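Enquirer: Here's a structure for you.
Residue numbers (UniProt numbering): 1 to 297.
So, in structure tokens, the structure goes:
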């Protein structure tokens with residue numbers, strides 16, 4: 001079978017199911033596992049996240065009709081049996097509808113699997129959906145079961161603990177907090193999420209909103225940003241009026257985590273993100289996360 005994956009989470013799922021050798025094409029942002037770096041890139045973006053500030057990226061997103069372009073000729077040359085795409089966010093990856101448009105005139109069309117998930121449970125269901133599409137049903141069931149088992153362990157360990165108010169920053173400028181599965185991860189990790197609930201869209205918040213909520217823990221996880229990329233813009237937040245008016249600042253509980261790898265992508269490593277959150281919220285229970293993070297206060 002020949003598989004093309006057009007978003008990082010799909011690539012990670014395909015590889016976790018043991019089908020990396022059948023993966024013949026990926027998107028420009030697919031970088032995990034490292035072996036996929038040699039795969040042909042079928043998608044490119046008109047926005048360079050590494051060179052633009054968060055505010056400039058936000059402006060470009062708002063003024064650009066299509067953020068991603070599909071190399072239709074390369075896609076045709078790769079001759080895939082299955083194309084894995086996503087329906088969740090046209091900013092993060094090429095949408096499923098754009099893929100269907102790109103292959104619309106082909107005589108022999110591949111199966112296009114459109115993945116859409118707003119909760120952790122739906123992400124786990126997506127593992128099984130992709131597994132069925134690429135003939136890895138057994139592997140998908142095993143991976144889904146493993147993910148659920150790890151989630152259950154976190155829930156058991158945090159049961160009955162004090163639940164700190166937690167603010168997860170999904171974008172720096174303008175200030176936005178995480179939606180979709182992020183509020184659910186906070187709840188599962190033993191916290192109370194500020195501003196959004198499971199399945200909500202991400203939303204903008206003001207400094208006054210933050211002061212009123214007074215989070216006890218703040219976790220910076222900008223969409224698509226590594227820890228190092230987030231730290232390049234940390235002064236924007238440090239200069240904000242609300243920064244020093246929170247319990248999180250007073251108690252030295254503001255952190256930057258790898259949003260790109262552990263929280264943004266619809267894939268198996270969201271459970272790694274859950275374990276990272278649980279450690280930040282309850283460090284005396286979990287005794288140190290393996291996930292890279294930076295303490296900012």
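Each residue gets a CB set at the ideal place from its N, CA and C atoms; glycine is no exception.
For clarity, every value in this text was computed on a predicted model and none was experimentally measured.
Can you tell me the Cβ-Cβ gap for residue 26 and residue 2, rounded? I've got them flagged as a contact below 8 Å.
Expert: That belief does not hold up - the Cβ atoms of residue 26 and residue 2 are roughly 13 Å apart, past 8 Å.
Enquirer: Which full runs of the alpha helix (DSSP H) of 4+ residues lie inside the stretch 180-205, going along the chain?
Expert: For the stretch 180-205, whole alpha helix (DSSP H) runs of length 4 or above, ordered along the chain, are 182-188.
Enquirer: With residue 236 as the anchor, note down where its alpha helix (DSSP H) starts and where it stops.
Expert: Segment 234-238, the alpha helix (DSSP H) holding residue 236.
Enquirer: Should the stretch 127-139 be called in touch with the stretch 185-193, which here means at least 3 C-beta pairs below 8 Å?
Expert: Not touching, per the Cβ criterion.
Enquirer: Pull the bridge partners of residue 44 from the DSSP assignment, please.
Expert: Answer is 69, bridged to residue 44.
Enquirer: Among 115, 104, 108, which residue has its Cα nearest to the Cα of residue 5?
Expert: Looking at the Cα atoms, 115 is the closest of the given residues.
Enquirer: In three-state terms, what does DSSP make of residue 86?
Expert: Three-state result, residue 86: strand.
Enquirer: Could you spell out the range, first to last residue, of the beta strand (DSSP E) harbouring residue 217?
Expert: Element bounds for residue 217: 217-220.
Enquirer: With a 10 Å radius around its C-beta and 16 neighbouring C-beta atoms as the bar for buried, classify residue 219 as buried or exposed.
Expert: Its Cβ being crowded by 16 or more others within 10 Å, residue 219 is buried.
Enquirer: For residue 36, which option in 54, 45, 53, 14 has the closest C-alpha, if you only look at C-alpha atoms?
Expert: Checked all of 54, 45, 53, 14; the closest Cα to residue 36 is 14.
Enquirer: With distances taken Cα to Cα, identify the nearest neighbour of residue 174 among 57, 182, 38.
Expert: Of 57, 182, 38, the residue nearest in Cα terms is 57.
Enquirer: Between which residues of its own chain and residue 299 is the CB-CB distance below 7 Å, once the five residues before and five after are set aside?
Expert: Nothing about residue 299 can be read from this structure; the chain reaches only from 1 to 297.
Enquirer: Starting from residue 167, trace the alpha helix (DSSP H) both ways and give me its first and last residue.
Expert: Here residue 167 belongs to no alpha helix (DSSP H); instead the beta strand (DSSP E) covers 165-171.
Enquirer: Which word fits residue 108, buried or exposed, when buried means at least 16 other C-beta atoms lie within 10 angstroms of its C-beta?
Expert: Looking at its Cβ environment, which holds fewer than 16 other Cβ atoms inside 10 Å, residue 108 is exposed.
Enquirer: Just checking, does the stretch 182-190 make contact with the stretch 275-286 on the three C-beta pairs under 8 Å criterion?
Expert: Taking 8 Å as the limit for Cβ pairs, the verdict is that the stretch 275-286 does touch the stretch 182-190.
Enquirer: Here's a check: name, in chain order, each residue in its chain whose Cβ is nearer than 6 Å to the Cβ of residue 247, leaving out the five neighbours to either side.
Expert: Same-chain partners within the cutoff: 214, 216.
Enquirer: Answer yes if the stretch 235-243 comes into contact with the stretch 151-159, meaning at least three C-beta pairs across the two stretches below 8 Å, and no otherwise.
Expert: Too few Cβ pairs lie closer than 8 Å, so no.
Enquirer: Secondary structure at residue 9, three-state DSSP: helix, strand or coil?
Expert: The answer is helix: DSSP assigns residue 9 an H, G or I state.
Enquirer: With 16 other CB atoms within 10 Å as the buried threshold, where does residue 104 fall?
Expert: Result: exposed.
Enquirer: For residue 152, which of 22, 185, 86 has the nearest alpha-carbon?
Expert: Nearest of 22, 185, 86 to residue 152, Cα basis: 185.
Enquirer: Just the Cα atoms here: how many angstroms apart are residue 231 and residue 71?
Expert: C-alpha separation (whole angstroms): 33 Å.
Enquirer: DSSP on residue 207, reduced to helix/strand/coil?
Expert: In the structure shown, residue 207 sits in a helix (DSSP, three-state: H, G or I).
Enquirer: With DSSP collapsed to three states, give me the class of residue 176.
Expert: The answer is strand: DSSP assigns residue 176 an E or B state.
Enquirer: Are the Cβ atoms of residue 139 and residue 224 separated by less than 7 Å?
Expert: No; because the gap between Cβ atoms is not below 7 Å, this pair is not in contact.
Enquirer: Tell me, to the nearest whole angstrom, how far the beta carbon of residue 123 is from that of residue 266; I am working on the premise that it is less than 8 Å.
Expert: Right, their Cβ atoms sit about 5 Å apart.
Enquirer: Judging by CA-CA distance, which residue of 34, 39, 68 is the nearest neighbour of residue 45?
Expert: For the residues 34, 39, 68, the minimum Cα distance to residue 45 belongs to 68.
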